[in-house]
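Keeping their order, the protein sequence lines are chains A and B.
Residue numbering for the first sequence follows the numbering used here, starting at 1 and increasing by one per position.
Residue numbering for the second sequence follows the numbering used here, starting at 398 and increasing by one per position.
The beta carbon of each residue, even a glycine, is placed where N, CA and C say it ideally should be.
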Amino acid sequence: MNALADKHVKVITGNAAAAHGARLCRPDVVAAYPITPQSEVVEQLAKWHADGSIDCEYVTVEGENSAQNVVCGASMAGSRAYTATSSYGLVYMYDAMLNTAGYRAPVVMVNVNREPPGIHAVCSGQQDMICVRDSGWVQLIAENCQEILDLSIQAFRLAEDHGIQLPVILNYDGYYLSYLAEAVNIPSVAEVDDYLSILKTQPKRPTLIPGQGIGCGSHGIGPGFVEARKKHMDALDRVYQMVDDIDAEFDQAFGRGYGGQLEAYRCEDADIILVTSGSAVGTARTVVNARREAGIKVGLVKIRLFRPWPIQRLARVLKGKKAIGILDRSLCFGWGCGPLHMETKAIIPTIGEFIPMLGFIDGLANMDITKEHIDKMIDDIYSASKGNSYQEVTWLP
Amino acid sequence: MAAKIKKLPKVCDYFQNEDQFSSGVAYCAGCTLELHARMVSKIMGKETVIVGTPSCSAPVLNGQNAAAWHKMGHYACTMTGVASSATGLTRAYQKAGTDATVVCFTGDGCAQDIGFQTLSGAAERNEKMVYICYDNEGYMNTGIQRSSATPYSVATSTTPVGKARKGKETGSKNLPLIMSLHDIPYVATATLSHLEDYAKKLTKAKEKSKEGFAYVHVFCPCLVGWKIPMDSSIQVCRAAVRTNFFPLWECEDGKYKITKEINKPKPIADLTQLMGKYNHMDEQMLANFQQIVDRRFNVLQTLCSI
């Protein structure tokens with residue numbers, strides 16, 4: 001118990017980091033169903049619950065659909081609620097996720113990215129998070145185990161902020177991060193309490209209290225419904241600034257900042273940029289450093305906020321560049337490219353100029369995104385920046 | 398000489414709370430749902446949070462109909478998420494130390510079919526709540542389609558009577574019995590013709606929900622779907638009990654008990670003749686139906702003798 005309460009450094013997996021992140025925020029209600037590669041999160045929380053080292057209602061539901069309904073109901077009744085899932089578990093929650101977002105229940109959910117479809121698709125890929133893109137949730141993506149823990153804490157801070165009141169998904173790559181063990185700084189409960197204490201100073205959000213004749217879920221039809229949807233969109237607009245601010249506050253409190261909506265790595269003087277997210281960023285950063293030493297002016301953008309899409313900040317980073325590459329770990333059906341690629345294309349009017357964009361689809365179904373792959377991507381982007389013709393979408397390997 | 402005090406009907410003794418509904422609620426004329434909903438609120442009280450889904454009760458419970466209202470807390474969710482949403486609510490109140498009775502109020506379509514997994518899951522976890530299923534033997538709100546509660550031979554819009562087939566070919570799923578096998582503190586069946594029996598059971602269900610899961614299955618005719626006249630729904634309820642088609646029983650802490658013994662059960666035709674949905678039945682079908690009713694009642698009697 002004491003060991004858990006104190007600040008310490010430990011070599012732990014991404015899943016354990018997620019569990020610690022949840023524990024430190026002291027949720028009132030946890031409901032989750034095990035699924036590979038997320039199971040360790042559920043098991044770790046169950047163990048702490050059995051030991052009495054976390055004080056929450058722990059609901060061992062019979063499926064993910066129930067997990068989502070439990071956390072939505074609990075959140076609307078005033079609880080801090082947490083769940084974790086992956087892949088088919090995520091899409092099995094879909095109907096309930098629409099309610100959680102529509103009811104503005106500030107639930108925090110971890111999604112350990114895994115491919116659907118197929119019984120053998122027990123492997124990494126970001127298709128699951130793409131499937132729930134338009135559900136109205138905020139979506140964040142972590143790069144490594146430390147960031148999983150830190151973003152878990154930031155996710156509660158963001159979801160429950162009075163100006164936001166939206167559910168948040170924290171995504172991280174299955175296998176590459178879920179089972180990767182790294183040294184992680186684990187803050188103390190007191191430090192996290194302190195970081196989240198600002199939420200207590202804000203007005204209380206509306207909750208369903210017995211005996212008060214308050215209803216939940218009665219959006220009605222016509223103007224009432226439209227008003228609720230418009231307010232939801234406005235809250236998503238406020239997420240941009242809030243994500244940047246929260247990250248800065250976090251940096252001040254814990255000495256670790258990540259750049260808010262996105263991290264622009266060696267982008268300022270860069271001619272060409274590679275955009276990607278998740279665990280691939282680590283490999284990409286290594287390659288970018290090597291190519292910089294070889295004289296190629298290449299920069300790297302790490303997308304941390306996927307929904308809402310960081311339109312303005314990304315456009316500012318990309319403006320004036322000679323060519324852009326986008327590395328996707330999932331597919332955007334109907335556009336013939338990856339989703340990050342499609343979203344980047346959509347901000348061309350905001351960038352205000354046409355820049356050659358090259359999409360790369362790699363890392364599906366546990367196919368490693370290697371340094372060689374990224375080298376090739378940078379070669380292609382560089383060539384396009386020199387005015388050569390280029391292939392719009394390239395599948396690797 | 399002592400003044401004569403007019404004794405109220407006994408069922409009112411169970412009404413510890415004021416009616417939580419406004420007058421003129423928006424159910425079909427003659428539907429038992431209004432009586433049912435008012436009864437639940439008078440017994441469960443103001444501290445109730447009602448959990449419901451899109452269904453016949455939704456317009457009144459969840460405020461889609463501005464002309465009808467009630468004073469209770471209410472939570473609307475998807476068909477699949479009633480018992481699980483209620484789990485979230487009841488756990489949140491337990492964690493916060495808030496006094497509340499969480500009551501799920503759904504039709505058979507949700508309880509028996511699309512919401513069955515979550516109902517079974519919540520019962521197995523023994524969540525502290527009352528689940529009331531108003532069984533109108535089909536998906537009435539969406540246009541009278543069959544459900545797993547639709548009895549043998551019934552004509553619905555998805556089991557119509559035609560030249561090759563005559564209504565539903567299988568019997569119904571015996572949900573109250575299935576729920577009792579979840580080893581929960583309380584299960585009961587009830588109907589609107591036997592209000593005192595129902596009131597007692599609701600009172601007990603509320604009490605038992607402080608310990609765990611309480612399930613009440615209520616036979617609740619639908620005039621439109623069953624093709625019965627506006628003034629006959631209570632008569633149909635009574636016939637369902639007298640034919641042993643819908644016996645009134647309870648199972649408290651594993652002990653089964655019939656709460657309304659029928660000395661000389663009437664033949665099933667006494668029930669089927671009251672409704673248009675059985676109009677197509679011939680002698681053979683009636684005999685088959687009688688067999689189903691008898692077999693089910695035997696199982697119940699056996700359980701009660703343990």
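Under the three-state DSSP convention, the category residue i falls into
i: B/E647; result: strand
i: A/M242; result: helix
i: A/V108; result: strand
i: A/R307; result: strand
i: A/G14; result: helix
i: B/T699; result: helix
i: A/M367; result: coil
i: B/F502; result: strand
i: A/Y390; result: coil
i: A/G336; result: coil
i: B/Q542; result: strand
i: B/E415; result: coil
i: B/A434; result: helix
i: B/C507; result: helix
i: A/V41; result: helix
i: A/L318; result: helix
i: A/W137; result: coil
i: A/M1; result: The pLDDT assigned to A/M1 is 45, lower than 50, so where the model puts this residue is not dependable; a value taken from the coordinates is nonetheless given after this. Three-state result, A/M1: coil.
Span separating the alpha-carbon of residue i from that of residue j
i: A/R256; j: A/Q146; result: 9 Å
i: B/T586; j: B/T555; result: 27 Å
i: A/V91; j: A/G387; result: 43 Å
i: A/A248; j: A/W335; result: 36 Å
i: A/D28; j: A/C56; result: 5 Å
i: A/G52; j: A/C25; result: 16 Å
i: B/L668; j: B/I625; result: 11 Å
i: A/A290; j: A/L358; result: 21 Å
i: B/A473; j: A/R23; result: 30 Å
i: B/K654; j: B/C428; result: 29 Å
i: B/G609; j: A/R238; result: 42 Å
i: B/G449; j: A/V317; result: 49 Å
i: B/D691; j: B/E658; result: 15 Å
i: B/Q632; j: B/S590; result: 7 Å
i: B/A423; j: A/G220; result: 16 Å
i: B/K403; j: B/I703; result: 42 Å
i: A/V11; j: A/C123; result: 23 Å
i: A/A159; j: A/T201; result: 15 Å
i: B/Q687; j: B/Y675; result: 13 Å
beta-carbon residue i near the ligand GDP non-hydrogen atom, thresh 8 Å
i: A/Q391; result: Ligands are entirely absent from the displayed structure, and the ligand GDP is therefore not among its contents.
Residue of the options minimising C-alpha distance to residue i
i: A/V168; options: A/A101, A/A31 and A/A183; result: A/A101
i: A/V30; options: A/V70, A/S39, A/I141 and A/A16; result: A/V70
i: A/P106; options: A/G163, A/Q391 and A/G52; result: A/G163
i: A/F333; options: A/F225, A/Q127 and A/I311; result: A/Q127
i: B/E680; options: B/H433, B/P664 and B/E608; result: B/P664
i: A/G215; options: B/V408, B/K601, B/V633 and B/L458; result: B/L458
i: A/L45; options: A/I221, A/E62 and A/N15; result: A/N15
i: B/V613; options: B/W623, B/L620 and B/K597; result: B/K597
i: A/Y265; options: A/D251, A/A294 and A/V298; result: A/V298
i: A/V212; options: B/K407, B/K468 and B/V448; result: Here the sequence assigns Gln to residue 212 of chain A, which means Val is not the residue at that position. It is B/K468.
i: B/S517; options: B/V437, B/T484, B/G442 and B/N538; result: B/T484
i: A/Q154; options: A/A18, A/Q391 and A/H373; result: A/A18
i: A/K322; options: A/V59, A/I272 and A/P210; result: A/I272
i: A/V192; options: A/H341, A/K204, A/R157 and A/V393; result: A/R157
i: B/T445; options: B/Y424, B/G470, B/C425 and B/A423; result: B/G470
i: A/G259; options: A/V110, A/Y240, A/V9 and A/Y94; result: A/Y240
i: A/Y88; options: A/I198, A/M129, A/L166 and A/R80; result: A/M129
Presumed contact (8 Å Cβ cut-off) between residue i and residue j, rounded CB distance
i: A/E115; j: A/L364; result: 7 Å
i: A/T83; j: A/A96; result: 10 Å between Cβ atoms; not a contact.
i: A/E263; j: A/R304; result: 7 Å
i: B/V638; j: B/T699; result: Not confirmed; about 20 Å, so no contact.
i: A/S277; j: A/I361; result: Actually they are not in contact, since the Cβ atoms of A/S277 and A/I361 sit about 14 Å apart, beyond 8 Å.
i: A/T85; j: A/Q38; result: 6 Å
i: B/G564; j: B/A552; result: 5 Å
i: B/F616; j: B/D532; result: 6 Å
Quiz item: Are at least three pairs of beta-carbons, each pair with one atom in the region 106–117 of chain A and one in the region 507–521 of chain B, less than 8 Å apart?
Solution: no
Quiz item: Just checking, does the region 170–186 of chain A make contact with the region 73–81 of chain A on the three C-beta pairs under 8 Å criterion?
Solution: no
Self-check item: the region 524–538 of chain B contacting the region 473–484 of chain B, beta-carbon criterion three pairs below 8 Å
Solution: yes
Quiz item: Counting Cβ pairs, one atom from each stretch, are 3 or more of them under 8 Å apart for the region 562–575 of chain B and the region 413–432 of chain B?
Solution: no
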